[in-house]
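I have placed the structure first, in the form of structure tokens, so that the comments after it can refer back to it.
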Amino acid sequence: MEEKISIKTLLPSEMEALLLSLGEPKYRAKQVFHWLHQGITDFSDMSDLPKALRQKLDDACFITRPRILRKQVSQRDGTVKYLFGLADGNSIETVVMRYEHGNSVCVSTQAGCKMGCVFCASFDPKKSRNLTSAEILDEVMFAQSDSGLHISNIVLMGTGEPLDNYDNVMRFLQLVSHPEGMNIGMRHISLSTCGLVPMIGRLMEEKLQLTLSVSLHAPNDALRSQLMPVNRRYPLDELIPACKTYFEQTGRRISFEYAMIGGVNDTPECARQLIRLLRGFPCHVNLIPLNHVEGSPLIPSTRDNLRNFQNELLKNGLNATVRRSLGGDIAASCGQLRRQYDQEVAQ
21 MEEKISIKTL
31 LPSEMEALLL
41 SLGEPKYRAK
51 QVFHWLHQGI
61 TDFSDMSDLP
71 KALRQKLDDA
81 CFITRPRILR
91 KQVSQRDGTV
101 KYLFGLADGN
111 SIETVVMRYE
121 HGNSVCVSTQ
131 AGCKMGCVFC
141 ASFDPKKSRN
151 LTSAEILDEV
161 MFAQSDSGLH
171 ISNIVLMGTG
181 EPLDNYDNVM
191 RFLQLVSHPE
201 GMNIGMRHIS
211 LSTCGLVPMI
221 GRLMEEKLQL
231 TLSVSLHAPN
241 DALRSQLMPV
251 NRRYPLDELI
261 PACKTYFEQT
271 GRRISFEYAM
281 IGGVNDTPEC
291 ARQLIRLLRG
301 FPCHVNLIPL
311 NHVEGSPLIP
321 STRDNLRNFQ
331 NELLKNGLNA
341 TVRRSLGGDI
351 AASCGQLRRQ
361 YDQEVAQ
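Counting in the numbering used here, the sequence shown runs from 21 upward without gaps.
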């Protein structure tokens, strides 16, 4: 018996080929694609298709559908966090954030993460697997439909390393930005990476208009290798030139993420080193107040240290802002995803 096709992973041209293989006219592809991107979960709901065609699709394909295992709403700022259950028993977290300029959804690209950044709750190599393009797309569609909040921006900053799931992520970007689908333009999408240098080069060749965010978090190799094991493989003297080449080839300014950790990377000397590292590079430094992770000895910078660090960067010509922290009361902020759920399951 042939394995069924995950139909939501198909682009319209591929949908046309599928329909032709089923003996159906290819113009039906547009209808099927439209229904899928409206979030329907059963072929029987495609009311403008002949019943015989719906049955053929059901026999040959399946439609992914996450289950909402838990939904939390922040009492502070209205942030919504979902724990979605996947068909294989894995779970992922997705966060909807409200901003004045529109609503953003933070999606996961892997179930678990094997990168091992010490300040992040998502590290879980035993449970790590790549999400399919349909599963990532489902996060956007089902978070939007359940929350009732129109999603205008996407950040690929949830659990997992997007560039470690390159093909599925690229397919997701094609699907979510398609005019016949959710039609969320690339300029409204940010992709975060911990610094997989070869994959940054590969992404550069795509010439996409998205924003690339690079998790930096330290201004020198010794400290960055302590915080982020990936630096031992791709140190700063490889990462920063790759970022500069990316900017030169795409014209898209890179955002460097920098979690402010008290007494670790927030010292005046770290600020001076960061200035030397990035001086002359048209980039943006996004300072992130460290969010609490249960069991971690790391603490956030004080307000004074954060302010002084930012001012030092600004005085020396670096564009530096402080990220607003949302959803902290429901562990939905940067670096907090997943571990709380794993602890609850273990109890």
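Every residue, glycine too, gets a C-beta built ideally from N, C-alpha and C.
_Selected residue, minimal CA-CA separation from ASP187, among ILE156, LYS24 and PHE329_ = ILE156
*Buried or exposed for ASN371, please, with buried defined as at least 16 other CB atoms from any protein chain shown within 10 angstroms of its CB.*
Outside the displayed range of the chain (21 to 367) lies residue 371, so it cannot be described from this structure.
_So the candidates are PRO86, HIS237, LEU294 and GLU225; which of them puts its Cα closest to the Cα of ASP108?_
PRO86
*Environment of HIS170 [buried if 16+ CB atoms lie within 10 Å]*: Only exposed fits HIS170, as fewer than 16 other CB atoms lie within 10 angstroms of its CB.
*Cα-Cα separation between MET35 and ASN203, rounded to whole angstroms*: Distance between the alpha carbons of MET35 and ASN203: 18 Å.
*Find the nearest neighbour of LEU334 within the set ARG292, ILE308 and PRO320, judged by alpha-carbon distance.*
ARG292
*With distances taken Cα to Cα, identify the nearest neighbour of THR114 among GLN95, ASP166 and GLY136.*
For THR114, the nearest C-alpha among the options comes from ASP166.
*With a cut-off of 8 Å on the beta carbons, I'd call VAL16 and GLU159 a contact; round off their distance for me.*
Residue 16 cannot be examined here, being either before or after the span of the chain that is shown, 21 to 367.
_Within the continuous beta strand (DSSP E) that includes TYR278, where are the two ends?_
274 to 280
_Beta-carbon contacts of LEU39 that lie in its chain and below 6 Å, excluding the five residues immediately before and after_ = LYS46, ARG48 and ALA49.
*With DSSP as the reference, please indicate the residues paired to PHE82 in a beta bridge.*
SER26
*What are the partner residues of CYS126, as DSSP defines its beta bridges?*
VAL115 and VAL175
_Between which two residues does the beta strand (DSSP E) holding VAL100 run?_
Run containing VAL100: 100 to 105, per the beta strand (DSSP E) assignment.
*Supposed contact pair CYS214 and CYS137 - C-beta distance, whole angstroms, cut 8 Å*: In this structure, CYS137 and CYS214 form a Cβ contact; the two beta carbons are roughly 7 Å apart against a cut-off of 8 Å.
*Rounded C-beta distance between ARG121 and ILE174? I'm assuming under 8 Å.*
In the sequence as presented, Arg is not what sits at residue 121; that position holds His. No, HIS121 and ILE174 are not in contact; Cβ-Cβ is about 14 Å, not under 8 Å.
_C-alpha distance - GLY168 paired with LYS91, whole-angstrom precision_ = 13 Å
*Between PRO182 and THR129, is the Cβ-Cβ spacing less than 8 Å?*
Result yes, Cβ atoms of PRO182 and THR129 sit closer than 8 Å.
*If you follow the alpha helix (DSSP H) that ALA242 is part of, which residue opens it and which one closes it?*
241 to 247
*Looking at the unbroken beta strand (DSSP E) that takes in ARG222, where does it start and where does it end?*
Here ARG222 belongs to no beta strand (DSSP E); instead the alpha helix (DSSP H) covers 217 to 226.
*Report the three-state DSSP secondary structure of ARG90 (helix, strand or coil).*
strand
*What separation, rounded to the nearest whole angstrom, lies between the Cα atoms of ARG343 and ASP324?*
16 Å
*For ILE209, which beta-bridge partners are listed by DSSP?*
ILE174
*Report the rounded CA-to-CA distance for GLY282 versus ILE260, giving the unit in angstroms.*
24 Å
*Compare the Cα-Cα distances from ARG327 to each of PRO302, GLY300, MET280 and PHE301 and report the closest residue.*
With distances taken between Cα atoms, ARG327 lies closest to MET280.
*One or two residues paired with HIS304 in a DSSP bridge*: Residue pairing of HIS304 in beta bridges, as defined by DSSP: SER275 and ASN339.
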